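Data block below; observations after.
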Amino acid sequence: MIECRVDKESRTMFCRFPAKKMDTIASIEADKTFLKSFSEAGADNIVFDLEGVDYIASGFLRLCLSAASKVEKGNFSVINTDPQIIKVYKIAGLDSVLKVS
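Residues in the sequence shown are numbered consecutively from 0, following numbering that gives the first Met the number 0.
Next comes the structure, spelled out in structure tokens:
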């Protein structure tokens with residue numbers, strides 16, 4: 000449910016989510032994989048690429064907050080986000096805390 004790679008030069012971890020729907024179960028599985036990958040990566044920046052994702056559950060928002068807490072403020076971002084999902088971040092008030100585009 001999550002594919003992560005690290006660019007060693009920029010110390011950035013890029014994570015993609017091949018599932019179109021990041022429901023509760025997919026988010027829990029992604030969280031486990033993310034934590035393992037992050038502990039091995041030694042990254043200073045995290046980018047979640049949501050290209051193709053058209054649904055997120057509250058568990059995915061929790062994953063985003065958890066990931067953001069692992070790096071310095073401003074070093075976590077969500078990119079290629081569907082406009083409907085951006086609305087979810089806004090409704091949850093997370094658009095002011097996380098970089099979402």
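A virtual CB, placed ideally from N, CA and C, is assigned to each residue, including glycine. Computed from a predicted structure; not experimentally measured.
Report task. With a cut-off of 8 Å on the beta carbons, I'd call ARG4 and ASP48 a contact; round off their distance for me. Result -> For the purposes of this step, residue 4 is identified with residue 5 of the sequence shown, where counting begins at 1. For the purposes of this step, residue 48 is identified with residue 49 of the sequence shown, where counting begins at 1. So it is not a contact: roughly 11 Å between Cβ atoms.
Query raised in the report: Does the distance from the CB of LEU60 to the CB of ASP30 come in under 8 Å?
Result: Along the sequence shown, one-based indexing puts residue 60 at 61. Along the sequence shown, one-based indexing puts residue 30 at 31. Contact flag unset, no.
Query - Secondary structure, beta strand (DSSP E): runs of 3+ residues fully inside the segment 39–84 - result: 44–48, 75–78
Query raised in the report: With distances taken from CA atoms, which of ILE84, SER95, PHE37, ALA91 is nearest GLU2?
Result: The residue given as residue 2 occupies position 3 in the sequence shown. When each option's Cα is compared against that of GLU2, the closest is PHE37.
Query raised in the report: On the three-state DSSP scale, how would you describe ASP94?
Result: Mapped onto the sequence shown, residue 94 falls at position 95. Note: ASP94 maps to coil in three-state DSSP.
Query raised in the report: Per DSSP, what kind of secondary structure is LYS19 in: helix, strand or coil?
Result: Taking the sequence shown and counting its residues from 1, the one referred to as residue 19 is at position 20. The answer is coil: DSSP assigns LYS19 none of H, G, I, E or B.
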